[in-house]
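Participant: Under the numbering used here, the sequence shown is numbered contiguously, ending at residue 1541. A virtual CB, placed ideally from N, CA and C, is assigned to each residue, including glycine. None of the values given here were measured: they were computed from a predicted structure.
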Amino acid sequence: MIRTGNPLEASVTMEELVVLVDDADRELGFQEKMAAHRSGALHRAFSTFVTNRSGQLLLQRRAATKYHSPLLWSNTCCGHPRPGESVEAAAHRRLREEMGFDCPLTVSFSFAYRAELDDGMVEHEVDHVLVGRFDGEPVANPEEVESWRWIDKAELAREITTHPHRYTAWLGIALEQMERRTSAPSQ
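#1: Taking all protein chains shown into account, do 16 or more other C-beta atoms lie within 10 angstroms of the C-beta of V1493, making it buried, or fewer, making it exposed?
#2: Is it the case that the segment 1520-1540 contacts the segment 1425-1434, given that we only count it when at least three CB pairs across the two stretches are under 8 Å?
#3: Name the two residues that bound the continuous alpha helix (DSSP H) containing E1479.
#4: Apart from the five residues just before and just after L1510, which ones in its own chain have a Cβ nearer than 8 Å to its Cβ?
#5: Kindly indicate which three-state DSSP category R1416 falls into: helix, strand or coil?
#6: Using beta-carbon positions only, say whether R1448 and F1400 come within less than 9 Å of one another.
#7: Rounded to whole angstroms, what is the Cα-Cα separation between E1451 and A1418?
#8: Taking 8 Å as the limit between beta carbons, can you name the residues of its chain near R1487, skipping five residues before and five after?
#9: For D1376, count neighbouring C-beta atoms within 10 Å of its own C-beta (all shown protein chains included) and say buried if the count is 16 or more, exposed if not.
#10: Tell me the DSSP bridge mates of Q1385?
#11: Do you know offhand how far R1415's Cα is from I1527's?
#12: Can you tell me which residues form a DSSP beta bridge with V1461?
#13: What do you reckon, are the CB atoms on V1476 and S1393 nearer than 9 Å?
#14: List the endpoints of the continuous beta strand (DSSP E) containing T1402.
#15: Using the Cα positions of P1437 and E1491, report the straight-line distance between them to the nearest angstrom.
#16: In this structure, does DSSP put R1436 in helix, strand or coil?
#17: DSSP three-state call for A1469: helix, strand or coil?
#18: With a cut-off of 8 Å on the beta carbons, I'd call E1386 and E1370 a contact; round off their distance for me.
#19: Apart from the five residues just before and just after N1495, which ones in its own chain have a Cβ nearer than 8 Å to its Cβ?
#20: What residue ranges within the segment 1490-1529 form continuous beta strand (DSSP E) runs of no fewer than 3 residues, ordered along the chain?
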């Protein structure tokens, strides 16, 4: 069911809603999160990539209780803005909720993708990529994160190529998009 109108209704009904969007990331309405992932409805999302002073990327292994992609390695954190919440505010909220810290974040770019997952789930998102830096120790929430690690980007690229089934569907796509943007000649 697609909802339009007052986004504050989500807090009254206590269901978790995602923001449905068109290809240009224009808001179309709201849908319950699980329903959006079952139907493959295009919705707004974010992926946060945090590095340390050595340039290593902080990965998390998703908790076993996640309704899709459990126990797969992924970027530092990801999620969906709530109705009426900015991408940046959502990214900071989820970074604190999942990894137990916050740091300055910069929106880098966005891209759309669609990936078929196990159990009939579909990720179809306009994914906003945010980057940040943190040199401390995360305090991961065990309800969200099984474990975490720092990894060199070149090593991660090799691992994803060799063992793609160990990683979330969006991680490789986002990293490829990041690489394409950083290696593109400036105009």
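Facilitator: Taking the coordinates as given:
#1: The sequence position of residue 1493 within the sequence shown is 139, counting from 1. By the 10 Å Cβ count, V1493 comes out exposed.
#2: The segment 1425-1434 vs the segment 1520-1540: in contact.
#3: Indexing the sequence shown from 1 puts residue 1479 at position 125. Per DSSP, E1479 belongs to no alpha helix (DSSP H); it is in the beta strand (DSSP E), 1476-1487.
#4: On the sequence shown, position 156 is the one that residue 1510 refers to. If we look at L1510 and ignore the five residues flanking it on each side, its Cβ neighbours are L1411, L1413, L1529.
#5: The residue given as residue 1416 occupies position 62 in the sequence shown. Strand, per DSSP.
#6: Taking the sequence shown and counting its residues from 1, the one referred to as residue 1448 is at position 94. Taking the sequence shown and counting its residues from 1, the one referred to as residue 1400 is at position 46. It is a contact, given that the beta carbons lie within the stated cut-off.
#7: Within the sequence shown, residue 1451 is the residue found at index 97, counting from 1. Within the sequence shown, residue 1418 is the residue found at index 64, counting from 1. Going from the Cα of E1451 to the Cα of A1418 covers about 17 Å.
#8: Here residue 1487 corresponds to residue number 133 of the sequence shown, with the count starting at 1. Taking R1487 as the centre and dropping the five residues before and after it, the same chain places the C-beta of V1404, T1405, N1406, R1407, C1457, P1458 closer than 8 Å to its C-beta, in chain order.
#9: Walking along the sequence shown from the start, residue 1376 turns up at place 22. D1376 comes out exposed.
#10: Counting from 1 along the sequence shown, the entry for residue 1385 is found at position 31. According to DSSP, Q1385 bridges with V1372.
#11: Your numbering for residue 1415 matches position 61 in the sequence shown. Your numbering for residue 1527 matches position 173 in the sequence shown. Cα-Cα distance, rounded: 17 Å.
#12: Here residue 1461 corresponds to residue number 107 of the sequence shown, with the count starting at 1. Per DSSP, L1484.
#13: Counting from one through the sequence shown, the residue named residue 1476 turns up at place 122. Counting from one through the sequence shown, the residue named residue 1393 turns up at place 39. Result yes, Cβ atoms of V1476 and S1393 sit closer than 9 Å.
#14: Stepping through the sequence shown from its first residue, residue 1402 is reached at position 48. Segment 1397-1405, the beta strand (DSSP E) holding T1402.
#15: Working through the sequence shown from its first residue, we reach residue 1437 at position 83. Working through the sequence shown from its first residue, we reach residue 1491 at position 137. So the two alpha carbons sit approximately 31 Å from each other.
#16: Counted from its first residue, the sequence shown places residue 1436 at position 82. Collapsing the DSSP output to three states places R1436 in coil.
#17: Indexing the sequence shown from 1 puts residue 1469 at position 115. In this structure, A1469 counts as strand in the three-state DSSP scheme.
#18: For the purposes of this step, residue 1386 is taken as residue 32 along the sequence shown, with counting starting at 1. For the purposes of this step, residue 1370 is taken as residue 16 along the sequence shown, with counting starting at 1. Going by Cβ atoms, the distance from E1386 to E1370 rounds to 7 Å, so yes, they are a contact pair.
#19: Reading the sequence shown from its first residue, position 141 is the one you call residue 1495. E1451, E1452, M1453, G1454, listed in sequence order.
#20: Taking 3 residues as the shortest admissible run, the segment 1490-1529 contains the following complete beta strand (DSSP E) segments, listed from N- to C-terminal end: 1499-1505.
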